[in-house]
Structure formats: C-alpha cells, structure tokens
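Just below is one structure, and these are the notes that go with it.
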Amino acid sequence: MAAPEAAAGSVVVLGNGPVGQTAALLLARWGVGVVLLDARPGRDAIGSKAICQQRDVLDVWEAVGAGRRIADEGLTWTTARTFYRDRELFAYTLPGERGGSCFPPFVNISQARAEQILDEAIAREPRIDVRWQHRIVGLRQDPRRVVVSCETPRGMVEIEAAYALACTGARADDVREMLGVGFDGHSFDDRFLICDIRADLPGWGRERRFYFDPAWNPGRQVLIHLCPDSTFRIDWQVPGDYDLAAEEASGALASRIRAVVGERPYEIVWRSVYRIHSRVVDRMRVGRVLLAGDCAHLMSPFGARGLNSGVADAENAAWKLAYVRQGWAGDGLLESYHQERHAAALENLEVTTATMQFLVPRDEAQRRRRVDVLTRAVSDPTARGEVDSGRFAEPFWYVDSPLTTPDPSRPFAGRPERGTTPRPGPGILVPDAPIALADSSHRRLREIARDGFLLLAASGVDGAVTGAAAESARGPVRVLPLEKVGMSGALANALASRPGEVWVIRPDAHVAAVLTSPGGADVAAALRRARGFPASP
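The working numbering numbers the first residue of the sequence shown as 1095 and each following residue consecutively.
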C-alpha cells in the first residue's frame, strides 16, 4: 500500500450524518480543514428518522448558516395530548418564546431534510473535503497523528490527520472495537414500527398525541407527531417478533393505519422497524480520537435526546479540537471532552431509561406501577406528573467540569423541573438576549459567544482588568460591557448579573466562570482553566 495520504486538513471526521456534518462545519468555521468520510455511496434522503430538533441545536446550526432555514421549514406543535385507553388524561400547552431567542422551543423536521440543508452549507465550505464510499477498515494512531484505512472503489487508501472524530452512528461496532472501548448497557425486547403518513387530519396540525394502551394497540403505546408537508410520523410499540413484511402482505398494516386516520385517504411515505438500546461507551476520548453521537451512546428516542445530544457532542468536540490544533489550549481541553460529554450521556441514559421502564416494563413490579399510575391519572390530577412519555431534551450543564470555575454565590440546584431552565451561572448554557454592538449592529448573545471566548463586564468593572486578561490569552477573546451592549437591560436581566461581576463565556456559549470584583490575575486564571491549562502559568 502507498504511504498514507496527508489529509487536506487537520481533522478526519468519520461519518457524514448530522453529527459528522455539524462537526465538520464547526471545525471549518474555526479555520480547520476537514476530510469527511462515509461508507455509503451518497445521501439517503428518505424517512423521518430523528425529527425533533431543539432550540439549542438550531442555535448551533445557525452558527454555520443552517439553523434559520431548518427552523423555517420545520413545524412546532403547541399542544401535547396524552391518552390512556379511551380517556384523555391531560393536555399540555407549550409556553411562548423564551427570553431573547429567535427560535421556537423545537421544530419537527425530518432528519433527511436537515441533512440536505447541512449538505448545502458544506458545499459552500472549501475547507471540507467530502468523500463517500470510504468504508473504515483500520484506525491507528501515534503521539502525533491518526491514520485511517479505507476500502474504496479505487482500492485501499490511507488518510493521515492530526485528529479524528468518530460519528459513525449506531452500527459502529467495528470502529469501537478498533478503539478498544466498551459499550455496556442493554436492549429492550419490544420494537417500534415507524410509518410516515401523508394525510389530511383536521385539528391535528399543531398537536402531538401519545396513546397508552389504546384498543387498537392494546398493552402498548402509539405516538403521533406532525411533520412538514401534511406528513404525520406514527410510532407503534410492537412485539419483539414483529414482522413488517408479513403485516403488509396480510393487510394488517393498512388496518393499523386506518385505526389512526379513519377512512381518510393516506399515503405511506416511509416505514421502518427499530429496536431501542440504552448503551454508552466507557471512553469518549481515545488518544487523538473522539467519539460522538450514536457511535458513543444509544438511548430511547422518547424525549428527543439522541440527535440533539449528538449535535452537542459535535460542538463540544469541534471548538476543543480547533483550540488544541491552533495552539490556543492545553491537552487537558481534549480530556475535558470525555469528562463533559460522557457525563451528559449518562444523564441522558438515566432519563430515557426511566421512560422506557414506564413504557416497556421489564418486570412485574414495573408493570404494576405503570398500571397503577395510569389508572390513578384518569381521575387524580396529582398522579399525572408520574406519567412518563419522555422528558424533553435539554442541555447538559457543565457545573462539575474541570473547565468551570465555581461560584459559591450561584450554586447549581440540580436538574430543573420540566419546562424550566436553571439559574444562570458557571457551567450553564448562557441565556440568549438581544445586544447592540459598538458599530450599532444588533446581534444575539449566543451568536457572538460562538466567535471565541467572551468576557461580559458588569458595571463597576475596571476595563483595564478585562482588557489585559484578554490580550494575554491565546485565541480570540472579546470584551463587552453589559451596560453598553444590553438592549434596555435585557442582557443584564437575563443573567441576573450584579455590579462588579465578570462573566467568562466559552466558545460553545456555556458560562465558564462568574467572577466578583476580580483582579486581572483572576480573569486570566479563569480563562486558562477554561482552555484546559493549569490555572497558573
């Protein structure tokens, strides 16, 4: 075999799904060249797959020029209805817009369409080299490089890069084996049938419906989501030995659909059967290789934590790889990727496994509890909070990260109640708010936060302190006085900031530190810590 081909850039991304696409675009935005590999011959542009993209993911995608388009094409339901047998238990109406965000809480849009929009952004980016039909068959590394071996139509090729990011999806056993990582967890016996149905269902256009034990799927669940183009995604829980081909041939699939849509005309756009797994790798960093998305963790789709957490992996990995590659950070920054995103994966698995234990009880005790909760919820409103059809995706908060400087005056109170966000503070994704810059342009806080590190100075902060710290730091650091940029105090109010505070914001828009009346050394130490260096030079 010929000598390894030097990659056009510094990072090779394995897997051209939405997580790999996001990582490639973000790396290119940081000026890092990327080779993006995929075993498939091209894009599979059918099927809803992951359909619910949350607001914070839209923010990430907007940083690479795709978030607004995806949001505008997607749909947001406003009412969630939950039923038990023939009774409606409750209906939940989503709150309105939050803070200064320009995006809805989430949009429903097929993964296939989101991928097409991301592809268009990739096509405009000269730093990304996309290569289809590259099946990964080998992966080795040494202290200065990674070499990826690929089977291609033109024979075996080897690609050398400084780092690799594995985003190869759920069927990534070979890549995980090459890296020597474990993938512990369990799989659920029941399966789920998905059908994307195009039909006119009056009154359902802004609703999500969840049915427990309906007469037309007894003992199991049905979930109905709306998507663009008058398409509805229907998920039926089915037995482990379910045979889709046999049901289609017998006409039972048509009867199953008729139980939902009635006698209205309908068209099946796509259908598939999937099994749910709860698994996570034991390491998300192996030397110069990081693992992200379904390659690193698999979880129940109820709550939309799969793709959304994968995009968060991609953003976390991208800015850290870029900073290390550019010489702006210490090696501890790459290790923090595992520490932060592995903790996030474990929390997501905890939440989604609890949902699956309610939906698909694994023993008699869980079955009895499920029946008890649903029966009580028919007449007892206090029991309805125990009905678990999935806790909506939310960001993970890096309060225990080695990059975070704690603030005793802003303690983290733990996972918030449904539909709420934690108080702003160290480790928390910064709330969005409109700001006005010195050139009179109007921007959003999260928009400029993703340009590098950001120092927000409250009233009473000496500009020389923040200015000197910014100048001494490696990489881009911007200083903004809250009094001058916050429109009508919106930013200060969103942060609940106090006089004399300096807020240190990471390039993924998470708060790294809140410092009270700091000296220049304090700000510099927080910036060093947030970039993976020891606090003192």
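In this text, a Cβ means the ideal position worked out from N, Cα and C, and glycines have one as well.
Keep in mind that this is a model prediction, so the values were computed, not measured.
Collapsed DSSP secondary structure at residue i in the structure displayed
i	result
Cys-1389	helix
Leu-1152	helix
Tyr-1336	coil
Pro-1528	strand
Gly-1521	coil
Thr-1469	helix
Asp-1166	helix
Ala-1102	Low local confidence applies: a pLDDT of 49 at Ala-1102 is under 50, so the model's placement there is unreliable, with the coordinate-based value given in what follows. In the structure shown, Ala-1102 sits in coil (DSSP, three-state: anything other than H, G, I, E or B).
Val-1605	strand
Val-1493	coil
Arg-1462	helix
Leu-1188	coil
Glu-1361	strand
Arg-1221	coil
Arg-1435	helix
Ala-1624	helix
Val-1617	helix
Phe-1486	coil
Thr-1499	coil
Leu-1476	The amino acid occupying residue 1476 in the given sequence is Thr; Leu does not appear at that position. Reduced to three states, the DSSP call for Thr-1476 is helix.
DSSP beta-bridge partners of residue i
i	result
Val-1231	In DSSP, Val-1231 forms no bridge with anything.
Ile-1216	Note: Ile-1216 sits in no beta bridge, so no partner.
Glu-1301	Thr-1173
Gly-1249	Thr-1246
Ser-1366	Ile-1288
Thr-1610	Glu-1595
Arg-1373	Gly-1279, Leu-1392
Gln-1331	Phe-1286
Arg-1181	Tyr-1178
Ile-1211	Ile-1211 is not bridged to any residue.
His-1536	Ala-1530
Gln-1147	Val-1201
Arg-1379	Leu-1384
Limits of the unbroken beta strand (DSSP E) element including residue i
i	result
Gly-1404	That residue, Gly-1404, is in no beta strand (DSSP E); its alpha helix (DSSP H) goes 1400–1419.
Gly-1279	1277–1293
Asn-1202	1200–1202
Leu-1574	1571–1575
Ala-1258	1257–1260
Terminal residues of the alpha helix (DSSP H) in which residue i lies
i	result
Ile-1542	1539–1543
Pro-1112	1112–1123
Ala-1558	1557–1566
Phe-1547	No alpha helix (DSSP H) contains Phe-1547, which is instead part of the beta strand (DSSP E) from 1547–1551.
Ala-1266	First-last for Ala-1266: undefined, no H or E at that position.
Ala-1133	Neither: Ala-1133 is in no alpha helix (DSSP H) and is coded neither H nor E.
Val-1355	1346–1355
Span separating the alpha-carbon of residue i from that of residue j
i	j	result
Ala-1543	Asp-1602	7 Å
Glu-1361	Arg-1300	20 Å
Pro-1628	Gly-1546	20 Å
Asp-1213	Leu-1287	28 Å
Glu-1434	Glu-1441	11 Å
Pro-1199	Gln-1148	6 Å
Arg-1622	Arg-1540	21 Å
Ala-1174	Asp-1294	19 Å
Asn-1110	Val-1405	13 Å
Leu-1183	Ala-1477	10 Å
Ala-1102	Ala-1255	Caution is warranted here: a pLDDT of 49 is assigned to Ala-1102, below 50, making its placement in the model unreliable, and no coordinate value can be reported.
Asp-1283	Pro-1237	43 Å
Asn-1402	Leu-1576	31 Å
Val-1524	Trp-1422	23 Å
Thr-1446	Asn-1202	20 Å
Gly-1484	Ile-1328	16 Å
Glu-1341	Pro-1333	13 Å
Residues near residue i by beta carbon distance below 6 Å, same chain, minus five either side
i	result
Arg-1225	Leu-1131
Tyr-1368	Phe-1286
Gly-1614	Val-1559, Ala-1562, Ala-1563
Pro-1390	Residue 1390 is actually Ala in this sequence, not Pro. Cβ neighbours of Ala-1390 beyond the five flanking positions: Val-1375, Met-1378.
Leu-1338	Val-1367
Lys-1143	Gln-1205
Leu-1550	Leu-1574, Leu-1576, Trp-1597
Residues of its chain near residue i, where Cβ-Cβ distance is below 7 Å and the 5 sequence neighbours each way are ignored
i	result
Val-1493	Phe-1506, Pro-1520, Gly-1521
Leu-1121	Val-1105, Val-1128, Ala-1412, Leu-1415, Ala-1416
Neighbourhood of residue i by C-beta distance below 8 Å, restricted to the same chain and skipping five residues each side
i	result
Arg-1239	Glu-1254, Ala-1255, Ala-1256, Arg-1382
Pro-1359	Ala-1293, Asp-1294
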